Structures are given as structure tokens and as C-alpha cells.
Amino acid sequence: MSSEISIEIKEKLSQFENIIGYKFNDKSLLFTALTHSSFVSERKSKLKDYEVFEFLGDAVISLIMSEILMKTFPKAREGELSQIRSAVVSETFLAKLGRSIKIHEFIFLSAGEEQQGGRERDTLLCDVFEALFGAIYIDNNYSIEKPREIFNKLFKEKVIEDIKKGNIPRDYKSILQILTQKLFGIVPQYKFVSAEGPEHKKIFTMECVVENEITTSGAGKSKKEAESRAAREAYIYLKEKYKETLEAKSKSKKQKNE
């Protein structure tokens, strides 16, 4: 482990290992997964931050979630499974899972990022959560077995319960795209409008444009959240406006399958 890692940090890492029930072979991987770039910059060190594992962790979690869905809902259609997976790997849902293991309490941030509320931002928590599973994957010689075992032990029951109870965020961008392709053969476009407020409480506004049909706007704490809210408004509007058309298409499809 790097000489830059103090005894205090080592103790903090051990506490987190106890929570997730896994001891890293290389504890520097865990430290990297929990380290924000602001912490590295503040110390002017050669330490790495969680971004190096985030991309890999995203793929690992997506695969594990796909396996859970396939085994839990074997009769579901591919389109239905894709929509559910989009929801359970979303920023909001993964941040929620991260909070359930208190990951926010173990992230290493700069004093400035701490003051700006970084520890509670869904975007940051989701990224660190993904990085954690990327680190576990690497720590096990790029094998999916241990990440799958840990994820299932900690989260599988909760994920399935939330899906069955409908306690998952709807992926409005995906369902809007399916709707617009069905109705018009096009996909929605998203445009940045503005970002207002102090750095730690910035509010983003995005537009959702469905060509020749409607332009809606949404605001949120991140661009993703703002896009989702804009997509939701467009989806609700188009679903109601073309209700009869959609019902006719659905009826026609059923008759063809009979």
C-alpha cells in the first residue's frame, strides 16, 4: 500500500471492508475506489482517483444485474428486462444502494468538495459505487465470481423487492425513445439550457425536443436528472395525445399474433 496512506485511512478502509464483508488483497485498490479527484488535487499527490475503475465497475454491475433479472423474471420479454435494467443501474438507484452500505461516509474528499455537499450527491455516490465493484473485480484477477457473490449477498434481495414493489425509478429517456420511434420513427434530442446557483447547489435545466411535435424542459441537480424530467413531460404529453393511435397499434399487433 502507498506510503501516502496514513494509519487513520487504513483504519477507515478496514471499517468499510467489515461492512461489505470482503477483505481486499490489495487495499490500495479500495482506497483508489473511494478517492475523489479533489482529494488527490488537494494533497498534490500521485494518488489515483476512482475514475480509473468507474468504467469497469459499470460493466460489472450491469452484467450482475442482467443475471439477476434473467433468473428472477425468466418469462419477461427482452424489452421489459432492458427497461428494468436501465432503472436499476441508474444513477439514482445505484446511489441508493451505495447509501445502504454507508459508502458516502467513507469517500475521501477535499475540504472544499465536502463543504459543497459532494458527499451527498447522487452522481458522485453512483460513480464511487461503480468504482468499488471495478476494484473488487481487479482484486480478483478480473474474475466476476467474487463481485457477483458480494453484490448478491448485499443487494440482490433488496433489488428484487424494489422491482416487485415498483420502487425503482422509471427510465423516461428510454421509454420516450421507444414511444417516439413507434410513433414517428425518430429519437428525442436533448439540449442544455442553463446551470444556475452555487457550485454545491447548482440546478441544471435541459430541453427535450421531439421534432415537429413538442419541446419540454426539466430541471434537476444534474444534467441526467434534468433530462429525465424533461423526457417525462414529453412522454406524458405524447402518450395522451396519441392514445387512440397507440391502442390501435397494440390491437393490430395482438390480432397478428393470434
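Under numbering that gives the first Met the number 0, residue 257 is the last one in the sequence shown; the count climbs by one each step, no gaps.
Where is the CB? At the ideal position from N, CA and C, for every residue including glycine.
No experiment lies behind these values; they were computed from the predicted model shown.
Residue(s) in a DSSP beta bridge with residue i
{"i": "GLU77", "result": "For GLU77, which the question treats as bridged, DSSP gives no partner whatsoever."}
{"i": "ASN213", "result": "Inspection of the sequence shows that residue 213 is occupied by Ile rather than by Asn. Looking at the DSSP assignment, ILE213 forms a beta bridge with VAL209."}
{"i": "PHE23", "result": "Beta-bridge pairing links PHE23 to no other residue."}
{"i": "PHE107", "result": "THR34"}
From the options, residue whose alpha carbon lies closest to that of residue i
{"i": "SER259", "options": "LYS223, ARG228 and GLU210", "result": "Because residue 259 is not part of the residues shown, which for the chain are 0 to 257, the question remains open."}
{"i": "GLU104", "options": "SER27, PHE54 and GLU16", "result": "GLU16"}
{"i": "GLY97", "options": "ILE60, PHE183 and SER85", "result": "ILE60"}
{"i": "PHE203", "options": "ILE213, GLU212 and LYS190", "result": "LYS190"}
{"i": "ILE8", "options": "ILE19, LYS22, SER27 and ILE18", "result": "SER27"}
{"i": "GLY196", "options": "LEU93, SER221 and GLU160", "result": "SER221"}
{"i": "LYS248", "options": "ARG118, ILE159, LEU178 and ARG76", "result": "LEU178"}
{"i": "TYR49", "options": "VAL39, MET64 and LEU33", "result": "LEU33"}
{"i": "TYR234", "options": "LYS74, LEU182 and ASP126", "result": "LEU182"}
{"i": "MET205", "options": "GLN188, ASN211 and GLU212", "result": "GLN188"}
{"i": "GLU119", "options": "THR91, LYS47 and TYR141", "result": "THR91"}
{"i": "ILE263", "options": "LYS47, GLU41 and TYR236", "result": "The displayed coordinates of the chain run from 0 to 257. Any statement about residue 263 would go beyond what the structure contains."}
{"i": "GLY219", "options": "VAL192, ASN140 and LEU12", "result": "VAL192"}
Beta-carbon spacing of residue i, residue j below 8 Å
{"i": "PHE30", "j": "ILE6", "result": "no"}
{"i": "GLU112", "j": "SER44", "result": "no"}
{"i": "PHE54", "j": "ASP138", "result": "no"}
{"i": "LYS155", "j": "ILE67", "result": "yes"}
{"i": "ILE162", "j": "VAL87", "result": "yes"}
{"i": "GLY56", "j": "LEU175", "result": "no"}
{"i": "LEU194", "j": "LYS201", "result": "First, the amino acid is wrong: residue 194 is Ala here, not Leu. Yes, the pair counts as a contact, with Cβ atoms nearer than the cut-off."}
{"i": "PRO146", "j": "ILE63", "result": "yes"}
{"i": "GLY117", "j": "LEU108", "result": "yes"}
{"i": "ILE149", "j": "LEU124", "result": "no"}
{"i": "PHE128", "j": "LEU153", "result": "no"}
{"i": "SER65", "j": "ARG84", "result": "yes"}
Span of the beta strand (DSSP E) around residue i
{"i": "VAL209", "result": "202-209"}
{"i": "GLU195", "result": "188-195"}
Cβ neighbour criterion (16 or more within 10 Å) applied to residue i
{"i": "TYR136", "result": "buried"}
{"i": "VAL209", "result": "buried"}
{"i": "TYR21", "result": "buried"}
{"i": "VAL186", "result": "exposed"}
{"i": "LYS70", "result": "exposed"}
{"i": "THR244", "result": "exposed"}
{"i": "LYS133", "result": "It should be pointed out that residue 133 corresponds to Gly in this sequence rather than to Lys. With 16 or more Cβ atoms within 10 Å of its Cβ, GLY133 is classed as buried."}
{"i": "SER171", "result": "Residue identity differs from the one stated: residue 171 is Tyr in this sequence, not Ser. When all chains shown are included, TYR171 counts as buried."}
{"i": "GLU224", "result": "buried"}
{"i": "GLU198", "result": "exposed"}
{"i": "ASP126", "result": "buried"}
{"i": "ALA110", "result": "exposed"}
{"i": "ASP121", "result": "buried"}
{"i": "SER89", "result": "buried"}
{"i": "GLU226", "result": "buried"}
{"i": "LYS240", "result": "exposed"}
{"i": "LYS250", "result": "exposed"}
{"i": "LYS157", "result": "exposed"}
Host alpha helix (DSSP H) of residue i (start-end)
{"i": "SER221", "result": "It is not in any alpha helix (DSSP H) - SER221 carries neither H nor E in the DSSP assignment."}
{"i": "ASN17", "result": "6-19"}
{"i": "PHE54", "result": "50-71"}
{"i": "ARG98", "result": "90-99"}
{"i": "LYS26", "result": "26-32"}
{"i": "LEU175", "result": "171-183"}
{"i": "GLU156", "result": "156-164"}
{"i": "ARG118", "result": "Segment: none, ARG118 is in no alpha helix (DSSP H) and carries neither H nor E."}
{"i": "PRO146", "result": "144-150"}
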